[in-house]
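Numbering (this note's numbering), first residue to last: 605 to 1037.
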Ligand SMILES: [Ca+2]
Ligand SMILES: [Ca+2]
Ligand SMILES: [Ca+2]
Ligand SMILES: [Ca+2]
């Protein structure tokens, strides 16, 4: 019975795209026939035995991702990589940078990164990096100068003499004390928001984006926290000013790199809100969080209507299929990695993968999903090291005695699944190729 229900889900979904007319393939941009793979660098592969994943580790594992030979299907076959933050940062995750023009020294050097971009391009893999611009680290030199009253940076952040007192969209404190003044930081006090109503801030971010696109040669940006760029008093998400800023930014990027891809994170936005960003030119793609919800809930509850409804909404709202799909990501919107939600049921994980990789939209696989890694919040527990083999404690991730954080449970490893035609990894390979 269960198998029948799953087959029904797949069939119903396969019918959905037939009911909506998409533009001809020739008219669609390059990213519409790609499959992306999201990598947390710290946890992917450690090349130098210090227990921390790094850029050279990704270079060493490129053959796993895509060997550059279209005739082989022993690789995963992905054609795009989204790298979570690579800039220097005091945090383990990097979503608070101290230098937008450099690589976190724990991850390697700019030379390593340039080598990765070139090796990826040789294999037909595009590189997109996380661009965390809504806020910086409170240790960023801009913020330190601004807090110290340096007139050049005084207006780069959002300062008030009195505490405005209001809270953020999820009830959090957003005004943080510094001396006898208050600054705005929608996430935390160590992530102060930049003031994008200051043209000098906008100019600085344009210049940095240009550097990554034209000097380093990446293919685009995943714009973190994109719905929070410009606040309008207590209205702190999805403001018209935010979309206008992003539309100008997107147009600027296209002026320096006509094929540049911008993917906006509009966290948990339903399709009709996410689609406003695409329609207004504020982003090329928006992550369709509700399609992710639909996949998870249909598969975990054997109920086809959820994914059908969410996909139909996405197809109606977004122009020409310009949305990005995923089962889960580093934020574990569902508090757990998919295999934890599916309580180890490999058939369910396969069905989720089938939905992801046969539906409209540009799919993103989160590293480790293809081998069924488990993980339950807090966040770092869904960001644990990749299981390359079955070595206890290290999983072949590092030659150090232990990785930076303990491994999660997993369904298997790359080594244990690679030659098994029935494995989850083989299922992903088959779907991607
Ligand atoms: Ca390392
Ligand atoms: Ca191949
Ligand atoms: Ca902001
Ligand atoms: Ca673009």
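The beta-carbon is built from N, C-alpha and C at its ideal position, and this holds for glycine as well.
| query | Where do the ends of the beta strand (DSSP E) carrying residue 824 lie? | reply | Working through the chain shown from its first residue, we reach residue 824 at position 220. Counting along the chain, the beta strand (DSSP E) containing residue 824 begins and ends at 824–827.
| request: Using a threshold of 8 Å, state whether the C-beta atoms of residue 931 and residue 911 are closer than that. | output: Here residue 931 refers to the residue found at position 327 when the chain shown is read from its first residue. Here residue 911 refers to the residue found at position 307 when the chain shown is read from its first residue. No, the Cβ-Cβ distance between residue 931 and residue 911 is not below 8 Å.
| request: Sort 728, 729, 798 by Cα distance to residue 758 and report the nearest one. | output: On the chain shown, position 154 is the one that residue 758 refers to. Ranking the options by Cα distance to residue 758, first place goes to 798.
| query | In its own chain, which residues sit with a C-beta less than 6 Å from the C-beta of residue 818, not counting the 5 before and 5 after it? | reply | The sequence position of residue 818 within the chain shown is 214, counting from 1. If we look at residue 818 and ignore the five residues flanking it on each side, its Cβ neighbours are 860.
| What does a CB cutoff of less than 6 Å around residue 828 pick up in its chain, not counting 5 residues either side in sequence? | In the chain shown, the residue the question calls residue 828 occupies position 224. Exclusion of the five residues before and after residue 828 leaves 734, 736, 869 as the residues of its chain whose Cβ lies within less than 6 Å of its Cβ.
| request: In angstroms with no decimal places, state the Cα-to-Cα distance between residue 571 and residue 806. | output: No information on residue 571 is available, as it lies outside the stretch 605 to 1037 that the chain covers here.
| field | Host beta strand (DSSP E) of residue 778 (start-end) | value | Indexing the chain shown from 1 puts residue 778 at position 174. It is not in any beta strand (DSSP E) - residue 778 carries neither H nor E in the DSSP assignment.
| request: Could you spell out where the alpha helix (DSSP H) holding residue 958 opens and where it closes? | output: One-based indexing of the chain shown puts residue 958 at position 354. Element bounds for residue 958: 950–962.
| query | Where does residue 627 fall in DSSP's three states? | reply | Position 23 of the chain shown, counting from 1, holds the residue named residue 627. With a pLDDT of 49 at residue 627, under the threshold of 50, the predicted position of this residue should be treated as unreliable, though the coordinate-derived value follows. It is coil, neither helix nor strand.
| field | Element boundaries [alpha helix (DSSP H), containing residue 803] | value | As a first step, residue 803 is located in the chain shown; it is residue number 199 there, counting from the start. Per DSSP, residue 803 belongs to the alpha helix (DSSP H) from 803–814.
| query | If you measure from the CB of residue 929, is any heavy atom of ligand 2 nearer than 7 Å? | reply | Residue mapping note: residue 929 aligns to position 325 of the chain shown, counting from 1. No; taking the cut-off as 7 Å, the Cβ of residue 929 has no heavy atom of ligand 2 nearer than that.
| field | ligand 3 heavy atom lying under 7 Å from the CB of residue 838 | value | As a working mapping, residue 838 is identified with position 234 in the chain shown. Relative to ligand 3, even the nearest heavy atom lies 7 Å or more away from the CB of residue 838.
| request: Ignore the nearest five residues each way along the sequence and tell me which others in residue 884's own chain have a CB closer than 6 Å to its CB. | output: Position 280 of the chain shown, counting from 1, holds the residue named residue 884. The residues are 847, 851.
| query | Between residue 809 and ligand 3, is the CB less than 7 Å from at least one heavy atom? | reply | On the chain shown, position 205 is the one that residue 809 refers to. Every heavy atom of ligand 3 is 7 Å or more from the Cβ of residue 809, so no.
| said: Rounding to the nearest angstrom, what Cα-Cα distance links residue 626 and residue 823 in this structure? | reply: Residue 626 sits at position 22 when you count from the first residue of the chain shown. Residue 823 sits at position 219 when you count from the first residue of the chain shown. No answer about residue 626 holds up, because its pLDDT of 49 lies below 50 and its placement is not dependable.
| request: Check whether the Cβ of residue 1022 sits closer than 7 Å to any heavy atom of ligand 2, and report yes or no. | output: Start at 1 with the first residue of the chain shown, and residue 1022 comes out as number 418. No.
| query | Going by other Cβ atoms of all chains shown within 10 Å of its Cβ, with 16 needed for buried, is residue 1010 buried or exposed? | reply | Along the chain shown, one-based indexing puts residue 1010 at 406. Label assigned to residue 1010: exposed.
| request: Give a yes or no on contact between the stretch 716–727 and the stretch 771–786, applying the rule of three or more CB pairs nearer than 8 Å. | output: At 8 Å Cβ cutoff, the stretches do not touch.
| request: Check whether the Cβ of residue 974 sits closer than 7 Å to any heavy atom of ligand 3, and report yes or no. | output: For this step, residue 974 is matched to residue 370 along the chain shown. No, the Cβ of residue 974 stays beyond 7 Å of every heavy atom of ligand 3.
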